[in-house]
Amino acid sequence: MPALHSMIEARRQQLLHAIVDEWDSRFDPEVALLPPPAAHSENLDYALALLETAERSRMGRAEALIRRVLDRLPGDETGFPLLLIWHRHRRRLTPEVAGKIREAICRTAEKLARRDDARAVDRMAFAKIFVSLASAEIEDDSRRLGQGRARLDSLAAETKDRATVPDAGMALAGLHAIATYVRDPHARWQAGRLLEKIWSDVAGRLPETEGEGGLLEAMIERASQGASRHVPEIGPCAWEALYACVMNVDAPSRVAVLLSAKAAAPAGFA
668 MPALHSMIEA RRQQLLHAIV DEWDSRFDPE VALLPPPAAH SENLDYALAL
718 LETAERSRMG RAEALIRRVL DRLPGDETGF PLLLIWHRHR RRLTPEVAGK
768 IREAICRTAE KLARRDDARA VDRMAFAKIF VSLASAEIED DSRRLGQGRA
818 RLDSLAAETK DRATVPDAGM ALAGLHAIAT YVRDPHARWQ AGRLLEKIWS
868 DVAGRLPETE GEGGLLEAMI ERASQGASRH VPEIGPCAWE ALYACVMNVD
918 APSRVAVLLS AKAAAPAGFA
């Protein structure tokens, strides 16, 4: 189905350029960052989006954003975008910037390993586990990899009997990141089981999911192979559409069929 794949990639590029245009319009050249209230993580999302366009002319700003953020010693919230940059673009970056990213990823993972709240079933739970697992593989740290596996298993047990999870969009982003970028077979298997459960829940609740945030809507568009076009206008939450553009968003086949059918159905017939 090469025609379908080229259509999906064309849509991905359309979203990426809309995302970059939004952040370009907000960029403050005096401080060389997005102005407040943008967080460190949003500046790294901007850098990731610039790299995703594959335009050599944008490499300089992307690397400058990364350097500037990491020189300011950001908090734990930067691990997720940093790992996406690392896995997708590290070979295009200068050795200096790639080295800074690796050091920052490992610092963030060590902080997460010491924090009790990393075990909580909150909206960032699966993103935190992705950071733990992926950073452990980068450092070849079997102890931390084991911790990440155990936390994923624990969260799987806790969510087994839940009808829904907090912020299905962010949960799917964290789990698809594990499935896309983590090599560990057990973690990938467990992530696959959780993706089956959460995607089945999302498909069963369509179209009521439309008020649950732009990230979930962007994920549904990718998983339905473009049948759904309900991604909101790119604005302050541009990162929501970005995360759906930078990982393999493959819903289980039976769920993907249901998503496509419901997304394409006229209102009142879903």
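Numbering follows my numbering, in which position 104 of the sequence shown is assigned residue number 771; successive positions increment by one, without gaps.
Yeah, the Cβ is synthetic: ideal placement off N, Cα and C, and Gly gets one too.
Since we're looking at a predicted model, the values are computed, not measured.
Continuous alpha helix (DSSP H) stretch holding residue 755: start and end: Where residue 755 is concerned, the enclosing alpha helix (DSSP H) stretches over 746-756.
Distance between beta carbons of residue 755 and residue 805, contact taken as under 8 Å: That belief does not hold up - the Cβ atoms of residue 805 and residue 755 are roughly 14 Å apart, past 8 Å.
Beta carbon of residue 609 nearer than 8 Å to that of residue 818: The first residue shown for the chain is 668 and the last is 937, placing residue 609 beyond what the model contains.
Option nearest residue 808 by Cα separation, candidates 789, 757, 776 and 794: The shortest Cα separation from residue 808 among 789, 757, 776 and 794 belongs to 776.
Enclosing alpha helix (DSSP H) for residue 859 [first to last residue]: For residue 859, the enclosing alpha helix (DSSP H) stretches over residues 852-872.
Neighbourhood of residue 765 by C-beta, 7 Å cutoff - its chain only, sequence neighbours within 5 removed: If you ignore the 5 residues before and after residue 765, its C-beta comes within less than 7 Å of the C-beta of 757, all in its own chain and listed in chain order.
Contacting residues, own chain, Cβ-Cβ under 7 Å from residue 771 (five flanking each side not counted): In the same chain as residue 771, and ignoring 5 residues on each side of it, the C-beta atoms closer than 7 Å to its own belong to 737, 745 and 749, in chain order.
Cα-Cα separation, residue 678 to residue 885: Looking at the two C-alpha atoms, the distance is approximately 11 Å.
Distance, residue 869 Cα to residue 826 Cα: Their backbone Cα atoms lie some 14 Å apart in a straight line.
C-alpha distance - residue 781 paired with residue 810, whole-angstrom precision: Going by the C-alpha atoms only, they are around 13 Å apart.
Unbroken alpha helix (DSSP H) run spanning residue 836, endpoints: First-last of the alpha helix (DSSP H) with residue 836: 835-848.
Outcome for residue 661 when other beta-carbon atoms lying within 10 angstroms are tallied against a minimum of 16: Outside the displayed range of the chain (668 to 937) lies residue 661, so it cannot be described from this structure.
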